[in-house]
Amino acid sequence: KAGSVLLPDKYVISFNQIGRNTNQIGQLMCHNNDNYIFDKVGIMLHGRNNFSSKLVKVIKHGRGHVYRSLHWLVQSLQSKKISLGAVVTEDKNRAARHLKKCAAEQKIPVVPASWIIRSLFERKLLPVDDQNHHLSPSPPIEVPSCSAQQEWSQEI
9 KAGSVLLPDK
19 YVISFNQIGR
29 NTNQIGQLMC
39 HNNDNYIFDK
49 VGIMLHGRNN
59 FSSKLVKVIK
69 HGRGHVYRSL
79 HWLVQSLQSK
89 KISLGAVVTE
99 DKNRAARHLK
109 KCAAEQKIPV
119 VPASWIIRSL
129 FERKLLPVDD
139 QNHHLSPSPP
149 IEVPSCSAQQ
159 EWSQEI
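Going from the sequence shown to the numbering used here is simple: count from 1 and add 8.
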């Protein structure tokens, strides 16, 4: 029917890993309500305002901390308020050399925004190569197939 609303079980993809979560890069832990994907993670966003405002919501929803400057990110790491810091850029090639140099001095990785997206798909923080601060290669994301008959709403 046109204008009808589908129930969430008709369009939401359920994963078998609901009971698993992480608090550090690459380490899975048993799920409890205190662990979120960006728990104890501090992120400085580098890019346009539109880019930053969208990712701030995602990071904070996962209990991450967002910083406006590298200085505050470093201070939070040193005071142990967060256990991991990263600079997430809209376009890694356009990030200033000075920012990359200062982050490297503090051993903070500079990663593209796809790191956050891929971490969300994997339901864990993806590891970063310590030497070059590049994303470690990961297998392609697989969408689970559904054997049930798919029903589409009229809007699609």
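Where a beta carbon is used, it is the ideal one built from N, C-alpha and C, also for glycine.
query: Rounded to whole angstroms, what's the CA-CA distance from residue 77 to residue 128? Just pull it up for me.; result: 24 Å
query: Taking the C-alpha atoms as reference points, what is the distance between residue 102 and residue 133?; result: 24 Å
query: In terms of alpha-carbon separation, which member of 49, 136, 64 lies closest to residue 88?; result: 49
query: Tell me which residues share the same chain as residue 120 and place their Cβ nearer than 7 Å to its Cβ, disregarding the 5 neighbours each side in the sequence.; result: 97, 100
query: Using only the alpha-carbon positions, how far apart do residue 149 and residue 95 sit?; result: Reliability of the predicted coordinates at residue 149 is poor, the pLDDT of 45 falling under 50, and no value is obtained from them.
query: Considering only residues of the same chain and omitting the five flanking positions on each side of residue 67, which have a CB-CB separation below 6 Å?; result: 46, 51, 74
query: Which value, in whole angstroms, describes the spacing of the CA atoms of residue 61 and residue 81?; result: 18 Å
query: Look up residue 132 in the DSSP assignment and say whether it is helix, strand or coil.; result: coil
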